[in-house]
Amino acid sequence: MTENLKFIVQEVNSLLGTDFNLISFDSLSSEVLLQCLVDVFSHFDACEKFEIKDNDPEESNHKIMDALRKIQYRPENVDLLNFRTLLVHGDKKVVHPILGWIFQNKERVKKTTYLAKFLIPLNLPPEAIAIPEVSNLWNQYQTIMDEFKEAHKSYEQSKQEGAQTRELRSDIGAIEVEIENVKKRIERTQGRLDKVPQQELLLEASHNLRIERERQKELQSQIDEQKQGLQRSNVVHERFKKELNNARLAAQGASPQNLLESLIEEVQVLEFMVQQKLPQELTARQTEVQILEEVLKEPNLTRDYLFELQTRVEEVNTEVQRLVETKMNERGTQNDTLGPFRQQAAMVARKKEQAAEALDQASTELREIEAQLQEKQAKLQNTVGEVILRGEELKQFVNTLRAKSNVYKEQRAKLASMRAETADLTQTLNNLKAQDPSLNQSRDHDSIIDCTTCTMKRHDFTRKVSKKLKKMAKLNLMNIFNENISKPLGNFIKNEIVEIQRNKIKAEYHQSPGFIGTNKVSRTNGQINVRRIEFSSKEFSPNKPSLREQLKEFAQKHNPSTDMFEDMLQIMESNGVSVPKNLDVIFEPLNMFDEILMSFGHYLNFGIVKNLENIVKAFNSKKRLPNTLKIDLAIYMVKSKPDENNQKPPHHLIILGRLLEVDHVFVIGIYKGAFPSLLIGNQILKPLNDELATIEKNPIDIEKKKFKIEINAIICDPVANSIATCTALPDSISGCSRCDSSGTLQFVHGITSYPPTVGINRYDDDFNYCVLNGHHIGIPILNEREFGLKTHFVIDYKSLVCEGVMKRMMNLWTHGKLDYRLNNKALRKISAELLLISKNCPKEFRHKPKTMDEIDNWTNYDWRQFLLYYGPAVLKNRLSPKYYKHFLYLHLGIRISCSLTDYKECGAFIAGQLLNYFVNDFAKLYSPDLLDYNIHNLLHIENMVHFKGPLDNICGFNFDKQFDMIERLINEDYNICLQNLGKRIAENTKICIENQINEQNTEYPFLTSNGSLVTKYYTLTVTEPDNHVFLKNMSVVKIERICREVDGQIVIVGRAYDKSKAQYEAAIGSQKMLKVWDLSDVKTYKVTDILVKTFKIDTPEGILALPLLSF
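Counting with the UniProt record's numbering, you get residues 1 to 1111 for the letters of the sequence shown.
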């Protein structure tokens, strides 16, 4: 209600030029409020302007009702008679909704008032129409009115057709572009398809497979429908059965006497209602109708007549009061014996009337509730069908579910205890073997014994040894844990178990007499049935080529005949080797990429070495690379959304690399699967860890040159950082990866709030020793490498600041408290200014800004641009000064941290102070309960920039080309095969390398054929919006011409702005936003005088200039 009244006051002030506030407008008298309504009507041409106090009330009411009829206003849920009465008295309960409706439908009101001038017929009496001349004029008037209607309809239709034509043109253009893209894709696919042998057979097989799968889906859907129908029928049957039982139970206790008594009571109630209640109500309604008829017959009321009636009413009331007092005095003097009985009878009558009214009201409410119940039951039945559990069925289902849950918890606890005991016994056994080698000898000696004897003695031996092992496990468990706390638990038993399994399987395959297994070798008809070896298996020697690869290499080297090769395969098959009957299977291509099966998913491994070989071979001839290559790693989590069936597809973890010397991004690996716990990160990162370990020991040899690899930084989003380092998630109490600050769970806001101060800093040694506490939940596999898990890991400001802090701030500005919330008018103005800015976006911006209506579709890049460029311009005079100043702290702090030049020396310190002010003032201005993980981590940006350089060098925006491509492919199809995903990545990587080689061959700066000046970081032209630059003296120049002098030096010719004014104070002058005006005379400037390109913003107040950052 307050928001609606505030909106009405703002519109009235802007329309009528008044200066009302909420209190003054709400306290207006009825006459002034009606005058305000008349002024609004006259502004929209709904009526002529007149003064309420000078006109008769009936005439004023008639004019106002006529204006309401013109604008087609209809009150909602209000009696028309009551509405007229309240409108005559100027009641704000009626006037305020009228004003609100008018201001919310301005265009509609303008249109209806315009049409009312021509389409509302004149009110002529029938006697006038009977005159022939007037009748002819009346017919012409109606004909012209019909022609006007047709003309207006044609005009509206032409407007709609014009809009539809523009939409069709834009759709046609988009379709043509899509057709070209599809043609190119078809050509590329056709080119790859031509190289595939027997493509027609493969296409036919794939066609048949698709048809069969579609049939299978149809059959499965039919089966599901039949099952659901059967289930619904069973539920309906059970429900009817229960209703029948309930009816029988209800009828068991009934007797004729009880039924007769209930019917008698019901008849008595109905007789009372018919004989007493309803006649009284009918009489009262008839009396009310008579009064209304008399009122209608009376002439128009005037003020004098109303004053006379009021005087008469007062006199009659006085006379009635006098008569009542006289009667009471007479009763007081007489001895009335029937007085108590009269009072008692009156009380009984009143109680009966009250009970009848309560009964009537309860009956009405019951009918309404039953109607609502039937409606909701129909909706529920249409939504979920007949499967609705009620009463005893629901209780039984809950009890069954609770029992199953208890059983599940018990079994899970037993399984956990068994696993723990198994791990303890295995560790103790390995420790005993290390201390007493005789245990291994005894095991070898026992293996020679016959299987039957071994089986008989094994149980006795197990009983004797198990008790001793359990006692020794308790004694040695703490010692083992202290000795191996920094190693993963699996390293204790992994190598031993793998070796035992390999020896066992080898003995089974090759019938080794020295190995006695639990599985006996069966003999049938003198032949030994042995387990067959898969011809492509690498189980026994994973570092050697498989049998399939060896056969392929043998055939290519010796070129044997087909018969010879088939005979050799038959010999191998007779000796227990499973080989294919068709030779084509041996020579078909294997998977192009290394796909590793993991516990809860698959990992597609591209590797660092393979990528670096391709990159170095491509770039080394163009640019001589140093012996030590620096690499940035990036780890990002791509969460999948539930599909139409509300089932979650698998998530993806993407690992990227970036070679800093040539600024090239490549894909290292992609994991697709589930994340049951954060410790799954060790299994996912194991291929990367093993490759880094190999690189640390042996430098990479590429084209007879050895290269060392140095990890510069590892950039992660907050969740990926927790997975990689085996630490708590960011929304947990100990989630901060930089300090030991503890958070507080805020159940109201659904976040974990952190203090606005920095706690005790964490160090790399904390991750090496990994004392299990609230933050460390496991031992990360990457702690074995040479880089630090705190100093080298960087929380990406793309996720932390752009999507985290800025999104939180915008949510507060749009849905927060009134102190800092932006109203609808301010949001519309911000959207209008963003649309104006979109017309002047420089070439360096990836895309144009989106309006506030599209805020749900804003990407990380949109949040970045709003923070660094658009925000200071569009939020000024929209936010209150203290909140705008608070936003500038964040704006300047991040701009300085991103700048390639300003972060040096004291720049990082200044940025840190600004961000500290922002965090501390956030708790004061908004609420300390809203200070979440993202805002708290702003306190650590200064330290991160000090050690790793500007944020733009260590952020996820550098990886966007590859990451956006992968994310787009995943979002198009969550079930995409990793091999197909790898092929698309390989194609994209090849194109990126070719483009970067072309860029490496380019010498900057240079002039293009159309006169544009291209530098390494920006492009300048002579047209808007790319024709403004900042010089080193911080003056802004508008470029009018770019040319080359006789000596070959490039110069720019332009005009400098003589006057400028900073829009806010900044500690570093190169980060100020300037308002500029008054161009000087034409001057010539060298390219070396240019500091940076300018982002020019056109606003209603003038031209604003802001320096561009690096990217």
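In this text, a Cβ means the ideal position worked out from N, Cα and C, and glycines have one as well. As the structure is a computational prediction, the values presented were derived from the model and not from experiment.
Q. Is the region 890-906 touching the region 720-735, taking contact as three or more C-beta pairs under 8 Å?
A. The region 890-906 makes no contact with the region 720-735; the number of CB pairs closer than 8 Å stays below 3.
Q: Identify which residue in Gln72, His43, Glu76 and Glu31 has its Cα closest to the Cα of asparagine 61.
A: Residue Glu31 is the option with its Cα nearest to asparagine 61.
Q) When the Cα of leucine 22 is compared with those of Leu16, Ile8, Asp964 and Leu33, which residue comes out closest? A) By alpha-carbon distance to leucine 22, the top candidate from Leu16, Ile8, Asp964 and Leu33 is Ile8.
Q | Inter-residue spacing [alpha-carbon to alpha-carbon] between residue 1116 and arginine 108 | A | Absent from the structure is residue 1116, since the part of the chain shown begins at 1 and ends at 1111.
(Q) Using C-beta distances below 8 Å, list every residue in its chain close to phenylalanine 148, excluding the 5 sequence neighbours before and after it, in chain order. (A) Result list for phenylalanine 148: Phe118 and Leu119, in chain order.
Q | Which listed residue (Leu678, Phe600, Asn689 and Asp563) has its alpha carbon closest to that of glycine 607 | A | Taking the Cα of glycine 607 as reference, the smallest distance to any Cα among Leu678, Phe600, Asn689 and Asp563 is reached at Asn689.
**Q.** Range of the contiguous alpha helix (DSSP H) that encloses aspartate 929
**A.** First-last for aspartate 929: undefined, no H or E at that position.
Q | Distance between histidine 602 and glycine 673 (C-alpha atoms, nearest Å) | A | Glycine 673 and histidine 602 have their C-alpha atoms spaced approximately 6 Å apart.
**Q.** Assumed close pair isoleucine 631, isoleucine 655 - CB separation to whole angstroms, cut-off 8 Å
**A.** About 12 Å separates the CB atoms of isoleucine 631 and isoleucine 655; that is not less than 8 Å, and the two are not in contact.
Q.
Could you tell me the alpha carbon to alpha carbon distance between leucine 836 and glycine 1102, rounded to whole angstroms?
A. One Cα belongs to leucine 836, the other to glycine 1102, and the distance between them is close to 13 Å.
Q. Alpha carbon to alpha carbon, how far is asparagine 4 from histidine 749?
A. If you take the alpha carbons of asparagine 4 and histidine 749, they lie about 27 Å apart.
Q) Candidates Gln1049, Gln1063, Asp1047 and Val1036: which alpha carbon is nearest phenylalanine 1095's? A) Closest by C-alpha distance to phenylalanine 1095, out of Gln1049, Gln1063, Asp1047 and Val1036, is Val1036.
Q. Rounded to a whole number of angstroms, what is the C-alpha to C-alpha distance between alanine 358 and leucine 366?
A. Here the alpha carbons of leucine 366 and alanine 358 stand approximately 12 Å from one another.
Q) Do you know how far the Cα of histidine 652 is from the Cα of serine 640? A) About 8 Å.
Q) Hey, isoleucine 781 and leucine 685 are a contact pair by Cβ (cut 8 Å); roughly how many whole angstroms apart? A) Going by Cβ atoms, the distance from isoleucine 781 to leucine 685 rounds to 6 Å, so yes, they are a contact pair.
Q: Please say whether valine 794 and isoleucine 715 have beta carbons closer to each other than 7 Å?
A: Their beta carbons are under 7 Å apart, which means isoleucine 715 touches valine 794 by this criterion.
Q: In the DSSP assignment, find the unbroken beta strand (DSSP E) run with methionine 145 in it and report its ends.
A: Premise fails: methionine 145 lies in the alpha helix (DSSP H), 132-194, not in any beta strand (DSSP E).
Q. If you run the structure through DSSP and keep just helix, strand and coil, what is cysteine 716?
A. It is a strand residue.
Q: Could you tell me which residues DSSP puts in a beta bridge with methionine 637?
A: DSSP lists Leu653 as partners of methionine 637.
Q.
For methionine 347 and lysine 53, what's the separation of their Cα atoms in angstroms?
A. Spanning the two alpha carbons is a distance of roughly 51 Å.
Q: Would you list the residues sitting across from arginine 658 in a DSSP beta bridge?
A: Arginine 658 pairs with Asp632 and Val665.
(Q) Across the region 735-752 and the region 928-946, are there enough close Cβ pairs to call them in contact, namely three or more that are closer than 8 Å? (A) The region 735-752 and the region 928-946 touch, with no fewer than 3 CB-CB distances between them shorter than 8 Å.
Q: Count the other C-beta atoms from every protein chain shown that fall within 10 angstroms of the C-beta of asparagine 712, then say buried if there are 16 or more, exposed otherwise.
A: Asparagine 712 should be labelled buried.
Q: Round the Cβ separation of tyrosine 754 and aspartate 932 to the nearest angstrom and send it over; I've been treating them as touching at under 8 Å.
A: Confirmed, about 7 Å.
Q.
I'd like to confirm the pairing. Which residues does DSSP put opposite histidine 946 in its beta bridges?
A. According to DSSP, histidine 946 bridges with nothing at all.
Q | Cβ neighbours of arginine 443 in the same chain (closer than 7 Å, five flanking residues each side left out) | A | Here the model assigns arginine 443 a pLDDT of 48, short of 50, so the residue's position is not dependable, and the following value carries that caveat. Excluding residues within five positions, none has a Cβ falling inside 7 Å.
Q) Based on the DSSP secondary-structure assignment, which residues constitute the bridge partners of tyrosine 1085? A) As a beta-bridge residue in DSSP terms, tyrosine 1085 pairs with Ile1052.
Q. How is asparagine 431 classed by DSSP in three states: helix, strand or coil?
A. The three-state reading of DSSP puts asparagine 431 in helix, counting H, G and I together.
Q: Could you spell out the range, first to last residue, of the beta strand (DSSP E) harbouring glutamate 595?
A: Here the beta strand (DSSP E) through glutamate 595 covers 594-598.
Q: Could you check which residue in Lys904, Gly912, Thr901 and Asn877 has the C-alpha nearest to that of histidine 891?
A: Of the candidates Lys904, Gly912, Thr901 and Asn877, the one whose C-alpha sits nearest the C-alpha of histidine 891 is Gly912.
(Q) I'd like to check one pair, lysine 948 with asparagine 860: are the Cβ atoms closer than 7 Å? (A) Against a cut-off of 7 Å, the Cβ pair of lysine 948 and asparagine 860 comes out as no contact.
Q. What number of angstroms, rounded off, separates the C-alpha of aspartate 360 from the C-alpha of lysine 352?
A. CA-CA distance, aspartate 360 to lysine 352, rounds to 12 Å.
Q | Per-residue DSSP class, three states only, for histidine 749 | A | Look at histidine 749 here: in three-state DSSP terms it is coil, with no helix or strand label.
Q.
Suppose you measure from the CA of leucine 660 to the CA of leucine 629; what does that come to, to the nearest Å?
A. Spanning the two alpha carbons is a distance of roughly 8 Å.
**Q.** Segments of 4+ residues assigned as alpha helix (DSSP H) that fall wholly inside the region 852-894
**A.** Counting whole runs of 4 or more residues, the region 852-894 contains the alpha helix (DSSP H) stretches 860-865 and 871-874.
Q: Determine, using beta carbons only, whether proline 756 and asparagine 920 come nearer to each other than 7 Å.
A: Yes, these two residues count as a Cβ contact at 7 Å.
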